[in-house]
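For reference, the structure discussed in these notes is given below.
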Amino acid sequence: MKHIYLLFFFITSCFSDFEKIPEISNESRFPRLSSNDNGEVFLSWFEKVDSVEWSIKSSIFSNKEWTNPKVISKSKPYFINWADFPSINNINQDTLVAHWLEKSGSGTYDYDVHLSFSYDKGSSWSQSEIPHATLVKGEHGFSSFAIGNKFHDVVWLDGREMTMGHGKSDYGQMNLYHTTFSTKGVLGEEYLVDAKVCECCPTSSVRYKENLVIAYRNRDSNEVRDIFIARKIGDEWKKPYPAHNDNWKIAGCPVNGPMLTINKSNIALAWYTAANDSAQVKVAFSKDVGETFSRPVVIDRTMPIGRVDIEWIDGESVVVSWIRSTEKSSDILARVVNINNDLGKVFFVKSIPQGRISGYPQMEVVGEKMLFAWTEINKKTSVATKWLSIDKLQ
13 MKHIYLLFFF ITSCFSDFEK IPEISNESRF PRLSSNDNGE VFLSWFEKVD SVEWSIKSSI
73 FSNKEWTNPK VISKSKPYFI NWADFPSINN INQDTLVAHW LEKSGSGTYD YDVHLSFSYD
133 KGSSWSQSEI PHATLVKGEH GFSSFAIGNK FHDVVWLDGR EMTMGHGKSD YGQMNLYHTT
193 FSTKGVLGEE YLVDAKVCEC CPTSSVRYKE NLVIAYRNRD SNEVRDIFIA RKIGDEWKKP
253 YPAHNDNWKI AGCPVNGPML TINKSNIALA WYTAANDSAQ VKVAFSKDVG ETFSRPVVID
313 RTMPIGRVDI EWIDGESVVV SWIRSTEKSS DILARVVNIN NDLGKVFFVK SIPQGRISGY
373 PQMEVVGEKM LFAWTEINKK TSVATKWLSI DKLQ
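Here my numbering is used: position 13 in the sequence shown is 25, and no number is missing along the way.
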């Protein structure tokens, strides 16, 4: 859930003691961050139980400190994927929803999305449920959530029409599906948003009043895989459209999804493309809740590999994060851009492990600070975090 909240009463000194989550294991990985309007940050991650089994844990940054980690789920047949990993979102007050992936069959890509609910802010969790109606074995993942009032949204990539394994020709079509769920976990009817999308790129969803906006990577018959926008206005679905015609033709999935962030009716969109063999990170803005997007501004064209995140820092500006990789290192970078496409300097955040093990670095705004999270390697993997003052980025 990506939305703006401003808590200017935070000051620099109050973060000095909270840079590390208490009791986090040195065999943890793939953190995910979300936030609510009260300035709380929710962190979930995988943590190893023993040589075979894993658990999913969470911690909440609230009242200037992290809570002790709590177990969301444990010892299930998880499908653990560096690009598609568990999440936790605050619905209201003490109500949370978490999601993860579980194996559903013997096939490499047989797995389902599971949702679980907590009504005591993470102390206990409901039995998980599957949001998709199909019983067909296959891929179901890359979910994103948009929290509303009475009803909430979840979208996912659905492989019910994938007929063959990855790496083979004519392997069918990946679908994009949507459903709603209530605060009590009651699921609505599923809806086919797009019948043919990129097979393994993360999705992103935001909501403003009765307007749902979804960003995802499309796939056409010519293997052009550009970022598309789908919208639901009240009960009416609008025809998906390209946010920008990059015309990136690529025969396989680049595992690089878009990210949205919303500030009332203003939306910012970040994504990666390598059209015409030119790797770029781009940002575009919408002032009409996703009905149209501006011409994009290029954030980086010097060897980025994507894995973007984006957050509003005030009513006019966002900060974008991404990974730049060379033969010697991979770095998390950040840059401020405003709604008029004025760019700030490129800011170095942290060098991280090369390859997929570092996962998708996460970013959230907390008052006048930015919180970053990623997977670090020091003999074993562990979740790492870093705080930065927003004024350093400007």
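Here a beta-carbon is modelled for each residue, glycine too, at the ideal position from N, C-alpha and C.
- Query: Within 10 angstroms of its Cβ, does residue 147 collect 16 or more other Cβ (buried), or is it exposed?
  - Reply: exposed
- Any idea if residue 360 is buried or exposed, counting beta-carbon neighbours within 10 angstroms, 16 or more meaning buried? exposed
- Residue(s) in a DSSP beta bridge with residue 264: Its beta-bridge partners do not exist; DSSP assigns none.
- Query: Per DSSP, which one or two residues make a beta bridge with residue 174?
  - Reply: Per DSSP, 184.
- Query: Around the C-beta of residue 289, are 16 or more other C-beta atoms found within 10 angstroms, so that it is buried, or is it exposed?
  - Reply: By the neighbour-count rule (16 or more Cβ atoms within 10 Å), residue 289 is not buried but exposed.
- Task: Identify whether residue 45 lies in helix, strand or coil by the three-state DSSP scheme.
- Result: strand
- For residue 274 and residue 398, the rounded distance between their alpha carbons: 23 Å
- Message: What does DSSP give as the partner residue(s) for residue 393 in the beta ladder?
- Response: 389
- Query: Is it buried or exposed for residue 378, if we count other Cβ within 10 angstroms and need 16 for buried?
  - Reply: buried
- Task: Using the Cα positions of residue 142 and residue 227, report the straight-line distance between them to the nearest angstrom.
- Result: 22 Å
- Message: DSSP has residue 153 in a bridge; who is on the other side?
- Response: 169
- Task: Determine the contact status of residue 193 and residue 152, defining contact as a CB-CB distance below 7 Å.
- Result: no
- Task: Under 8 Å by Cβ, that's how I've got residue 6 and residue 305 pegged, so tell me the actual separation to the nearest angstrom.
- Result: The shown model of the chain, from 13 to 406, leaves out residue 6, and the question about it has no answer.
- Query: Contact between the stretch 367–384 and the stretch 331–349: three or more CB pairs below 8 Å?
  - Reply: yes
- Enclosing alpha helix (DSSP H) for residue 405 [first to last residue]: 402–405
- Report, in whole angstroms, the separation of the C-beta atoms of residue 79 and residue 71, which I expect to be a contact under 8 Å. Contact between residue 79 and residue 71 holds: CB atoms are separated by about 5 Å, below the 8 Å threshold.
- Do residue 329 and residue 272 have their CB atoms nearer than 7 Å? no
- Quick one, which of 212, 381, 128, 56 has its alpha-carbon nearest residue 174's? 212
- Item | Where residue 287 falls: helix, strand or coil (DSSP) | Note: residue 287 maps to helix in three-state DSSP.
- Among residues of its own chain, excluding the 5 on either side of residue 116, which ones have a beta-carbon nearer than 7 Å to its beta-carbon? 122, 123, 124, 149
- By how many angstroms is the C-alpha of residue 64 removed from the C-alpha of residue 350? 47 Å
- Query: What did DSSP end up calling residue 399 once you bin it into helix, strand or coil?
  - Reply: strand
- Task: Just the C-alpha distance for residue 324 and residue 235, rounded to the nearest angstrom, thanks.
- Result: 33 Å
- Message: Quick check: what's the CA-CA separation for residue 136 versus residue 111?
- Response: 14 Å
- What are the boundary residues of the beta strand (DSSP E) that includes residue 119? Segment: none, residue 119 is in no beta strand (DSSP E) and carries neither H nor E.
- In this structure, what does DSSP give as the bridge partners for residue 374? Bridge partners of residue 374: 385.
- Taking DSSP as the reference, what is the three-state secondary structure of residue 344? Assigned with DSSP and collapsed to three states, residue 344 falls in strand.
- Query: Where does the unbroken beta strand (DSSP E) through residue 209 begin, and where does it stop?
  - Reply: 203–209
- Task: In angstroms with no decimal places, state the Cα-to-Cα distance between residue 84 and residue 34.
- Result: 16 Å
- With distances taken Cα to Cα, identify the nearest neighbour of residue 140 among 172, 276, 199. 199
- Run of the beta strand (DSSP E) containing residue 253, from where it starts to where it stops: Looking at the DSSP string, the run of the beta strand (DSSP E) that includes residue 253 is 248–254.
- Message: Which runs of the beta strand (DSSP E) at least 3 residues long sit entirely within the stretch 316–341? Give them in chain order.
- Response: The beta strand (DSSP E) runs lying completely inside the stretch 316–341 and spanning 3 residues or more are 316–324, 329–337, given in chain order.
- Message: Would the stretch 44–53 count as touching the stretch 85–92 if we require 3 or more Cβ pairs under 8 Å?
- Response: no
- Task: Starting from the C-beta of residue 249, find all residues in its chain whose C-beta is less than 8 Å away, skip the five residues before and the five after it, and write them out in chain order.
- Result: 203, 205, 242, 243
- Beta carbon of residue 292, beta carbon of residue 356: below 7 Å? Not in contact: residue 292 and residue 356 (Cβ atoms no closer than 7 Å).
- Would you please state the rounded distance, in angstroms, between the beta carbons of residue 169 and residue 154? I believe it to be under 8 Å. 5 Å
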